[in-house]
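Numbering (my numbering), first residue to last: 494 to 707.
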């Protein structure tokens, strides 16, 4: 079962990807993890990626696809995997499909966790992070016992810059421009499944299980 998770930043796709991986005993693969593992292990692909990252440049699509395809050919992916945060653009999706086709493989599902922009802006604007231990809270869904103070270490909680409404809006604009076209792409491929991401996290997961099967 090979799954791609789609959804805007803050839609909760990462959380759902972890839950899917746990239930179906398949690896949860994010490009960030792949980059870190290859760089740490000093692989040729990792060295190439590091030269771009050290300059603050985006790793080119071909190299990202090579890294992903290398990862999904490892033994733990025999029964499938969940891709989280990749592909982000149509060229990446096309390159991934072409690379998988050479291995006589293809993606089975693209699950889109659908959440309107205004919900995401409200949701992320309610996040708070501890300056001490990095614990995260939400003023509505996961509030600290004492307002503005971390339950664990007692340090101050702050609204991070990347959770501020104007930053979230910019990230959503980039998402709509670059990543949303993937929804049409996978819809045409016949593997897109939409789930309502505005409901409770557990209900979102049950909807996904309903698609993937027990």
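Every residue gets a Cβ at the ideal spot worked out from N, C-alpha and C, and that includes glycine. All values derive from a computational prediction rather than experimental measurement.
Counted within 10 angstroms of its Cβ, other Cβ atoms place residue i as buried (16 or more) or exposed
i, result
"residue 634", "exposed"
"residue 672", "buried"
"residue 571", "exposed"
"residue 677", "exposed"
"residue 534", "exposed"
"residue 498", "buried"
"residue 683", "exposed"
"residue 591", "exposed"
"residue 577", "buried"
"residue 605", "buried"
"residue 639", "exposed"
"residue 704", "exposed"
Proximity to residue i [Cα-Cα], best of the options
i, options, result
"residue 655", "616, 522, 521, 704", "616"
"residue 566", "581, 595, 543, 682", "595"
"residue 622", "658, 692, 653, 579", "653"
"residue 627", "494, 698, 644", "644"
"residue 632", "693, 625, 650", "650"
"residue 648", "665, 630, 663", "630"
"residue 619", "607, 636, 625", "636"
"residue 609", "564, 509, 504", "504"
"residue 625", "646, 510, 694, 539", "646"
Identity of the residues DSSP links to residue i by a beta bridge
i, result
"residue 631", "620, 635"
"residue 499", "605"
"residue 688", "606"
"residue 522", "576"
"residue 650", "623"
"residue 642", "649"
Sequence-distant residues of the same chain with beta carbon closer than 8 Å to residue i, five excluded per side
i, result
"residue 545", "551, 552, 553, 556"
"residue 543", "532"
8 Å contact criterion, which residue i and residue j should meet: CB distance rounded
i, j, result
"residue 602", "residue 686", "6 Å"
"residue 588", "residue 558", "4 Å"
"residue 688", "residue 697", "6 Å"
Neighbourhood of residue i by C-beta distance below 6 Å, restricted to the same chain and skipping five residues each side
i, result
"residue 614", "658, 661"
"residue 593", "599"
Sequence-distant residues of its chain with Cβ nearer than 7 Å to residue i (five each side left out)
i, result
"residue 675", "499, 580, 583, 586"
"residue 523", "577, 578"
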